[in-house]
Each structure stands twice: as structure tokens, then as C-alpha cells.
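The structure under discussion appears below in the form of C-alpha cells.
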Ligand SMILES: NC(=O)c1ccc[n+]([C@@H]2O[C@H](COP(=O)([O-])OP(=O)(O)OC[C@H]3O[C@@H](n4cnc5c(N)ncnc54)[C@H](O)[C@@H]3O)[C@@H](O)[C@H]2O)c1
């Protein structure tokens, strides 16, 4: 078992994977970035190099390498973070590939937003070396990471994972007991659920809710603006996953929310969601 993480592999270099790679690289780790899509590898390289250049970390740029071959990417890594799309079968397949290719001591973490690693761990032999390591992008402004065990994760794995989170200058949010939504996403789910009920029930309009949230928290955006930014298709799917897990009607997102999604009103990316945006994007 590696007592110290020196080299980190990122599998899936999309929106979150490339941010995890940049945060890791700027804190003195060797980073190996892999994606099955060459365009994602190219975009990730541009993004990571840009971040490191802006911080004048020219040596760190040399410590990041990019791969389209998983075998080569995982040769000497101590930790691998999987950040491929949110699909359980895909995540299991990737975990199994990592298990077969990475050194025996390597810890495997998933950045999944909704799957506890206990649902993925059956794909690997090293069940004592798996973790949920869930980020909250944009990482520079939200430097916190949920850390949660699988059913056989060793304490040594957990402690090494927690120390790595601290080493990349993030706050570890320790989840003591398996929990859908980890620490903050669960709180955030409750906020969104109640905001949606206020809107659906006609108790107050979205602007009033967002204004109240902004004044109370000091944040720049309210929940409806944030859901529009994330994309209502994504936000709706997340709410449905909570409902699917609990089966509690109280967790069911309102039909009016579903209608927005079915109408193609997906928020900022389509020009209309809860709010209407002046410049319509295709
Ligand atoms: N988007 C968010 O705000 C956010 C926040 C926290 C966690 N997450 C989680 O992170 C994960 C990735 O989400 P994202 O938003 O970065 O997705 P994304 O679509 O931006 O990136 C996924 C990347 O995985 C690559 N990929 C697909 N299949 C692959 C394979 N077989 N092997 C290697 N790479 C493959 C894709 O080419 C793509 O570059 C999901 O599990 C999601 O739940 C996302």
C-alpha cells in the first residue's frame, strides 16, 4: 500500500476531470490524464496548461502527461480518479479496467455525483482500496471534496485519500455513513426541493426566492438561476435520482418541472428555463 500519493491518474477528462487534474497538478503531484475521446484529451491539455501558465507554474506543466492509451496512463499511478459520464454500467467497466491495469497498491476513487462506490466495487478485486471522491466544480471557488467509503474500504485507504484531498488544498467532507448526496449535495437537494415546491404551488415567484437566497447567503446566484445554469435536464435527472432512491412522494419533483424539460426549456443553454435569456443559444 502506498503511504503517500505522488502520482495521480485521471480517467475521463471532461468538465470535472480536467479541473481535478489542474487542481492536482498545481499542488506538486505528477498527473496522468486519459480520455477515450481524443478531442477531450486535447481540450483538457489546453485547459490544464492554461491554468498552470496563469499561475506561473511552468514546472508543473511538465508533470502532466496525456494519454489515449489507458494501459500507459496507469503504469505508475498511486491514485486514480474516475470521472466518466454518470452511468453505472460504464463506471463498473472502467473500474474493472483500472483494477486490471493499475499497480496493486493503487487506490481507485469515483467522482460520481449519485452512485455510492459500494454499487461499483463489485467490479474490482481490491475492494479495500476504493472511495467516493466527489468534487464540487468550479473547484477553485468551491474547494471541497466529499470522501465516502465502500463496504470494504480500509481505514488506511480512507486516511490516504483524506490526506490527498488536503494536499490539493481542498476541504475533505467526511461522510461517516453511506448517504445519497454525500454531505453538501444532500443539503442542496433539500434547498432545491423546497424552492421547486414554492414555485409549483404558486406561493412566491422564482425571482423572489432567488432574491431571498442571495440576501440571506451572500451568494451571487439563487437556486433557480443555478439550476438554469447547470441545465434543467441535468437538474431534473438529479432530483429524480433522489426520488428513485427514497421512493418518498415528498421527493418527487413537480410535474411542471418535467414539462419544462420535455418542452426543451433547459435553461441557459437553450435560452429559456425558469428564466428567459435574451440571447438564445442553439
Ligand atoms: N458536471 C458536474 O458539475 C459534476 C459535479 C460533480 C461530479 N460530477 C460527476 O463527474 C462525472 C463526469 O461528469 P462531467 O460533467 O465531467 O462529464 P463530461 O461529459 O464533461 O466528461 C466525461 C468525460 O468522460 C469521457 N469518457 C466517456 N467514456 C469514457 C471511457 N470509456 N473511458 C474514458 N473516458 C471516457 C468523455 O469523453 C468525457 O470527456 C460524472 O460521474 C458526474 O456525476 C459532475
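Numbering (my numbering), first residue to last: 1372 to 1653. Idealized CB from N, CA, C, for every residue including glycine.
Closer than 6 Å by C-beta to residue i: which residues in its own chain qualify, once you throw out the five before and the five after it? Chain order, please.
| i | result |
| --- | --- |
| residue 1581 | 1593, 1595 and 1596 |
| residue 1500 | 1478 and 1528 |
| residue 1469 | 1451 and 1479 |
| residue 1380 | 1403, 1444, 1445, 1448 and 1451 |
| residue 1622 | 1613 and 1614 |
| residue 1495 | 1466 and 1470 |
| residue 1563 | 1594 |
| residue 1616 | 1551 |
| residue 1418 | 1389 |
How would you call residue i, buried or exposed, if buried means at least 16 neighbouring beta carbons within 10 angstroms?
| i | result |
| --- | --- |
| residue 1607 | buried |
| residue 1415 | buried |
| residue 1556 | buried |
| residue 1576 | exposed |
| residue 1667 | Outside the modelled stretch of the chain, which goes from 1372 to 1653, sits residue 1667, for which no answer is possible. |
| residue 1459 | exposed |
| residue 1653 | Caution is warranted here: a pLDDT of 48 is assigned to residue 1653, below 50, making its placement in the model unreliable, and the coordinate value is therefore given only provisionally. Exposed, because fewer than 16 other Cβ atoms sit within 10 Å of the Cβ of residue 1653. |
| residue 1552 | buried |
| residue 1461 | exposed |
| residue 1427 | exposed |
| residue 1633 | exposed |
Check residue i in the structure and name its three-state DSSP category.
| i | result |
| --- | --- |
| residue 1457 | coil |
| residue 1641 | helix |
| residue 1579 | helix |
| residue 1592 | coil |
| residue 1621 | helix |
| residue 1467 | helix |
| residue 1600 | helix |
| residue 1428 | coil |
| residue 1561 | helix |
| residue 1586 | helix |
| residue 1376 | coil |
| residue 1381 | strand |
| residue 1510 | coil |
| residue 1648 | coil |
| residue 1653 | With a pLDDT of 48 at residue 1653, under the threshold of 50, the modelled position of this residue cannot be trusted, and the question is left open. |
Can you tell me where the beta strand (DSSP E) holding residue i begins and where it ends?
| i | result |
| --- | --- |
| residue 1438 | 1435-1438 |
| residue 1528 | Where residue 1528 is concerned, there is no enclosing beta strand (DSSP E), although the alpha helix (DSSP H) it sits in stretches over 1526-1538. |
| residue 1551 | Segment: none, residue 1551 is in no beta strand (DSSP E) and carries neither H nor E. |
| residue 1516 | 1515-1520 |
| residue 1401 | 1401-1405 |
| residue 1488 | Note, residue 1488: premise wrong, no beta strand (DSSP E); not H, not E. |
| residue 1481 | 1478-1481 |
Spatial neighbours of residue i within its chain, please: CB distance less than 7 Å, with the 5 preceding and 5 following residues excluded, ordered by chain position.
| i | result |
| --- | --- |
| residue 1602 | 1637, 1638 and 1640 |
| residue 1514 | 1540, 1541 and 1542 |
| residue 1409 | 1439 |
Grab the span of the alpha helix (DSSP H) containing residue i for me, first residue to last.
| i | result |
| --- | --- |
| residue 1497 | Careful: residue 1497 lies outside any alpha helix (DSSP H) and carries neither H nor E. |
| residue 1613 | 1603-1617 |
| residue 1420 | 1409-1425 |
| residue 1395 | 1386-1396 |
| residue 1448 | Segment: none, residue 1448 is in no alpha helix (DSSP H) and carries neither H nor E. |
| residue 1629 | 1626-1633 |
Give me, in chain order, the residues of the same chain whose beta-carbon lies closer than 8 Å to that of residue i; leave out the 5 immediate sequence neighbours on both sides.
| i | result |
| --- | --- |
| residue 1675 | Residue 1675 lies beyond the stretch modelled for the chain, which goes from 1372 to 1653, so this question has no answer here. |
| residue 1508 | 1386, 1387 and 1390 |
| residue 1442 | 1472 |
| residue 1536 | 1504, 1516, 1518, 1542 and 1543 |
| residue 1569 | 1575 and 1580 |
Would you mind working out which of the options sits nearest residue i, comparing C-alpha positions?
| i | options | result |
| --- | --- | --- |
| residue 1521 | 1550, 1604 and 1436 | 1550 |
| residue 1524 | 1548, 1453, 1560 and 1421 | 1548 |
| residue 1554 | 1533, 1516 and 1563 | 1516 |
| residue 1630 | 1644, 1622, 1619 and 1621 | 1644 |
| residue 1436 | 1466, 1483 and 1395 | 1395 |
| residue 1481 | 1532, 1578 and 1434 | 1532 |
| residue 1485 | 1519, 1497 and 1493 | 1519 |
| residue 1392 | 1407, 1646 and 1422 | 1422 |
| residue 1382 | 1417, 1412 and 1571 | 1412 |
| residue 1398 | 1618, 1534, 1487 and 1565 | 1534 |
| residue 1376 | 1624, 1628, 1474 and 1571 | 1474 |
Under the criterion of a Cβ to heavy atom distance below 7 Å, does residue i qualify as lining ligand 3?
| i | result |
| --- | --- |
| residue 1624 | Only ligand 1 can be found as ligands here, which leaves ligand 3 out of the picture. |
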